[in-house]
Amino acid sequence: MAPTLSGLLVLVLAGASAALAHAADDLFDLPLEDLLQVEIRSAGKRDEEVRDIPASVTILTRAEIERYGWVTFEELLSNVPGFFLLDTIDERLIGSRGTVGGGVQLLVNGVPQHQTRQKALTIPEIAQMNIPVESIDRIEVIRGPMSVIYGNNAFLGVINVVTNEIGRNGPRFSASYGSRDSGRLFGRLGTETDQGFIVLNAGGYRTDGLDADYADMMGPDQLAALVPGMHTSLDGDVPQRDLSLDLSAGWGEWTADLRYTQKDYGVYLFTPSFQDGNQALLTTWHAALGWEHVIAENLGVRASAVVSEERVELSDFDFISPVIDGDQTMHYRRWDLELDLVWDPRPNLNLLAGYRFRQVEDITNMAAVPPLVDQINRVGNFATNDLFTELAWTPIDRLRLVGGVRLSRLPSSYSYTSDNFLTGIRTAEDIAVDDRNLLTGRVAALWSLDSHQVVKLIWGTAAQDNDQIQFPEPERIATTELIYVQTQPTWTLSASLFRNQTSNIVRTIQRVNPSTGDYQAVDDNSGEWTTNGLELIGELRPLPALNLSASATWQHTEDRETGIDPGYSPALLVKLKADYTHGPLSYAAYAHFVSGMDTDWNFVDGPTPGVTERIGERVDPYWNLGANLRYRRPGSGFYADLNASNLLDSEIRYPARELADFERGLIGPGRVITVTLGWAF
Amino acid sequence: MSLALAFGPLPAGGDDNLIALKAAFVYKFTRFIDWPVAPADRPFIIAVIGDPAMHAALAALEEGSREVAGRPIRVRGSCDLDAADACQILFIGAAAEDRLADMVRRAAGRPVLLVGDTSGFAGRGVAIELFRKPDILGKREQLRFRIDPKALSGRGLTVSAQLYEVGEVLR
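Here is the structure:
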C-alpha cells in the first residue's frame, strides 16, 4: 500500500520529535517571567517583516542555495527574479528594470561595499561579486530606489549578503572540480557562544573562462582588420582566479568585519591578443566596526565605521600590435562614519534618524602605454555629509505609512589634475557642483487586506554617482510602484507594477559644432529615460519536500529625448525553479530566460541630425537551463553535488560593449559540469 | 541578571528551540487560568491541530509528574475538528487556518482555551496569540503573547490579572 501524505509526514518528523521534546522539557519548569526574557536570535526576515518592507523583496536561504548548487555568485544572481547579468569579459553588470550596470548597492553582513562608480575611474563592478557561494547563509534582495536609507548608489536596489550565521550554518569544507578546468576550494571555521560569534570564510575559484572563436563573434569589418599573429579565439586569454577571505565577529554590542578579495583575470581590450592576453588584478579590502546599544525599550543607537580600498592593476597590455606594452593602475580609499538613532515614541510610530560622513581619498588613475600614453590623473579628496530620517506610522492595524528623506551635502567642487608626461603638460581644474544639496525621498502606504495580503503603494527617488569628472551631478531616478503580496502557508504571490523615470543619464548625443556647422557627437548628462514594467513572482510548496517558483518581468524603456530604445534593456526576463527532496537526495532544476536586446548606440558626426548607429548587432533571446543533484549522507556531514549550468549547451550571446566590442555579440559559457564534495559540521 | 545572560539566547539554528519555547508558554498559561473543576483522574487534554512540531514539543508534558490542577496532562495531535470537543487547550497551527472558523464555532461557549502563533488569529476567535517581538534595533527577539478578552469571555475560564499585565491586550 502506498504511504499516505500524513503517514510520510509522521515518518519525517519522528526523528525530530525526540529533540523537540528534550528542548521543551528544559523550558517547562521556568517561570513565565524568565520565559519572557529568553532571546530568540533572529535567523532571517520573517514573512511579516518582508510584508512590511516598502519595496519588492526576495529572500534566498542557505537551504535553497544548497539545493540549487549554484557554483558562482554571478550564476546565483542570474536566477534572482528581475535580475540579469551582462558578461563583457572585464565586467559582470547587473541589469534590472530596463537598465544595466551600477545602481545596486551591495552589502556584506550589512557593511556597504564599494560603490559601483567612482569619479574619474573605471574600476570594474565585477570586483564586488567575488563572494564564494558556499559562504552565503542568506541573501536579501530589495528592488527599487533605497537611497533614503543607504545613500547614493542604492539606485535600483540593495543586495545584502549574509555570511556570518555560524549558529545556523556551522563550519564546513568543500572542494569542486568542473569543466573548463574550473574548481573551487572553500572552508568555514567559527563558533558561537552566548555572548558572540566569530566566523572565517575562505574561498578560492578558478576557471579557464570563455573560449569562443573570434570568427563567430566579430563582424566582417572587424575580421578584416585583424593582423597576422593575433589569437583566433578567446581560449586561454581570459582565465579567472579568485580569492576571498571574510572574517566576521560579534561580541555583546560590538561587531567587526574584515574582508579581502582578489580577482586575477584576463580581459579583452578592443582587439585579440598576441601573447598571453591582458591581465587584470582587482583587489579590495574592507574593515568595519559596529556598535549598537538599546538605551530603552523604545530607544536604540547604532554606530559604524568602515574603511576600504579598491585597486585595479592592468598589466602587460597585449592588444592592437605585438609591440604594444603597458599598464594601468586605478585606486581609491573611502571612509564611512555613520550614527543612527532608532526611536519608537509610540507603539505605532517608528522613527529612524541618521548621519553619515563619507570621505573618498587618493583617487588615482595611472596609465603608461609607451609611446602612446604616459599619464596620471588624480581627483582631490572630497567628502559628503548625509542627514536622513524615516518615519513609519501605523494609524490603524491594517495601514502602515512610511515617509523618509535624505539630504546629501555634496562637495563644493571636484578637484582634478592630469599630468601628461609625454607632453609635459599639467592640467588642473576645479569642477564646481552647482547644486550641493541633493535630496532623495520616499513615501509608501502599506494596506493589509488581511493577515495574508498586503498592497503597497510606493513612490521614491534615488541618486547614483557617475564616473565622469566633468558631470558632477549624479544620475537621478524616481520610481512609482504598486505591489500586491499574498503569503499563504504553501504558496506566495507577488505582483508589481512599476514606472521608473531616470534623468541626468550620461551618454553621447549630437550637438552643432559652431565652427563647422556639422553635428558632432559629444558626451552629455541630460539623458532621460522612462521605464514601465510588470513583475510577477510566485512560489508554491504543494508537498513539504517539493518547491516550485516562477517569475516574469516585462519592461519597456524609452529614451524620452531621442526616442531611440536604449541598449541592454531586455523586454522580458523569466526565472523558473523546481526542487524535490527525497531521503538523502535533492533534485533541482532551474532556468532563466533573457529576451533579445540591442547594444549601446552612438550618434554619428556629420551634417544630418539624429543619425545613429549601434555598436553591434541585436542579440537573440536565450534560455539557460541548469540542474543540480545533491546527496547528503544521513547521520554524517558528508555531501556531494553534481551541478550542470547551461545544461542544453545553448548559445548565449551578450551584446557588444565598449571593450568587448564583438559586433555579433560575445559568446558566453557553454555547458559547465561541476562536481563538489564537502563536509558540514 | 536577565535569563539571556543566565541561560544564553536560543541558538540561531533553533527553529526547534523556538517551538519548544512556544510549548513552554502554552504550558505556563495553565498556571494563570482556572478551568472548571473536574475529577482528578480525568486528564487535562491539550490538542494540537495543524502543527506536528508543536505537538511533538508539547508531548514532553506527558512524561514526568506535570499536571494541571491535579489532573494528568495528555497531548493529542489531530487533523480533525473533533479535537475541539474534548480538550481544555486547543493549539491551532498555521496549517489549520482554513478550519479556524469551524473550530472557533465548535468551541464556542465551552471551557476551551484557543491558542495560536499565527499573525491575526487573535481577533478571529483565538484567545491567546504568540508572536515574536524584536527589540528596538531589530536584532534580538523575544516571545510575547496578545490576549483577546472577547475570545475568553463566556467560557467559564478564570484568567489571572497577572496574565493581562504581562501580555498585550487586544482592544
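Here the protein sequences come in this chain order: Y and F. Position 568 of the first sequence, counting from 1, maps to 568 under this note's numbering, and the rest follow consecutively. Positions in the second sequence are counted from 1; adding 681 to them yields this note's numbering. Glycine included, C-beta positions come from ideal geometry on N, C-alpha and C.
- For residue 812 of chain F and residue 36 of chain Y, the gap between their C-alpha atoms comes out near 11 Å.
- Residues 803, 809, 810, 812, 848, 849, 850 and 851 of the same chain have their beta carbon placed closer than 8 Å to that of residue 827 of chain F, with the five preceding and five following residues left out of the count.
- Using a Cβ-Cβ distance cut-off of 8 Å, the segment 133–146 of chain Y and the segment 218–225 of chain Y are not in contact, since fewer than three pairs of beta carbons, one from each stretch, lie closer than that value.
- When Y:548, Y:365 and Y:227 are compared, the shortest CA-CA separation from residue 590 of chain Y is found for Y:548.
- Cβ-Cβ separation between residue 729 of chain F and residue 758 of chain F: approximately 5 Å, consistent with a contact (criterion under 8 Å).
- Residue-level contact by beta carbon fails for residue 845 of chain F and chain Y, as no gap is shorter than 7 Å.
- DSSP places residue 467 of chain Y in the coil class of the three-state scheme, outside both helix and strand.
- Contact check for residue 86 of chain Y against residue 654 of chain Y passes: the beta carbons are separated by less than 7 Å.
- Straight-line spacing of the CA atoms in residue 806 of chain F and residue 832 of chain F works out to 5 Å.
- Partner residues in the beta bridge of residue 364 of chain Y, as assigned by DSSP, are Y:331 and Y:378.
- Taking one beta carbon from each stretch, the segment 402–413 of chain Y and the segment 431–450 of chain Y have 3 or more pairs nearer than 8 Å; the two touch.
- When C-beta atoms of the segment 768–778 of chain F are compared with those of the segment 725–744 of chain F, three or more pairs fall below 8 Å, so the two segments count as touching.
- Residue contact with chain F for residue 489 of chain Y: present (Cβ-Cβ distance below 7 Å to some residue of chain F).
- Here the segment 447–456 of chain Y lies against the segment 473–492 of chain Y, with 3 or more beta-carbon pairs under 8 Å apart.
- The contact set of residue 188 of chain Y on chain F, defined by CB atoms closer than 9 Å, is empty, because the minimum CB distance reaches about 14 Å.
- For residue 273 of chain Y, the CB contacts under 8 Å within the same chain, skipping 5 residues up- and downstream, are 230, 231, 237, 318 and 319 in chain order.
- The three-state secondary structure of residue 725 of chain F, taken from DSSP, is strand.
- Listed in chain order, the non-local C-beta contacts of residue 398 of chain Y below 8 Å within the same chain comprise 447, 448 and 449, local neighbours out to five positions each way being set aside.
- A Cβ of chain F is located within less than 7 Å of the beta carbon of residue 38 of chain Y.
- In this structure, Y:256 is the residue among Y:148, Y:347 and Y:256 with its C-alpha nearest to the C-alpha of residue 248 of chain Y.
- Beta-bridge partners of residue 230 of chain Y (DSSP): none assigned.
- Look at the beta carbons and you see the segment 204–216 of chain Y touching the segment 659–676 of chain Y: at least three pairs across the two are nearer than 8 Å.
- The C-alpha of residue 93 of chain Y is placed about 30 Å away from the C-alpha of residue 169 of chain Y.
- With respect to chain Y, the C-beta atom of residue 852 of chain F has no partner C-beta closer than 7 Å.
- Contact holds between the segment 532–541 of chain Y and the segment 494–504 of chain Y, because three or more Cβ pairs, one in each stretch, are under 8 Å apart.
- Comparing alpha-carbon positions, the option among Y:474, Y:323, Y:420 and Y:661 lying closest to residue 384 of chain Y turns out to be Y:474.
- Among the CB atoms of chain Y, one or more fall inside 7 Å of the CB of residue 709 of chain F.
- Taking a 10 Å sphere around the C-beta of residue 639 of chain Y, we find 16 or more other C-beta atoms and assign the residue as buried.
- Under a criterion of Cβ atoms nearer than 9 Å, the residues of chain F adjacent to residue 298 of chain Y are, in order, 817.
- Contact between the segment 279–287 of chain Y and the segment 251–266 of chain Y is present: 3 or more CB-CB pairs across the two stretches fall below 8 Å.
- The shortest C-alpha to C-alpha distance from residue 672 of chain Y to any of Y:660, Y:650, Y:681 and Y:680 is the one to Y:650.
- Following the DSSP letters along the chain, one finds residue 147 of chain Y in no beta strand (DSSP E) but inside the alpha helix (DSSP H) bounded by residues 147–150.
- Under a 10 Å Cβ-count criterion, residue 706 of chain F is classified as buried, with 16 or more other Cβ atoms of the shown protein chains found around its own Cβ.
- Residue 28 of chain Y belongs to the set of residues whose beta carbon lies under 7 Å from a beta carbon in chain F.
- Cβ contact annotation for residue 61 of chain Y (same chain, cutoff 6 Å, sequence separation greater than five): 138, in chain order.
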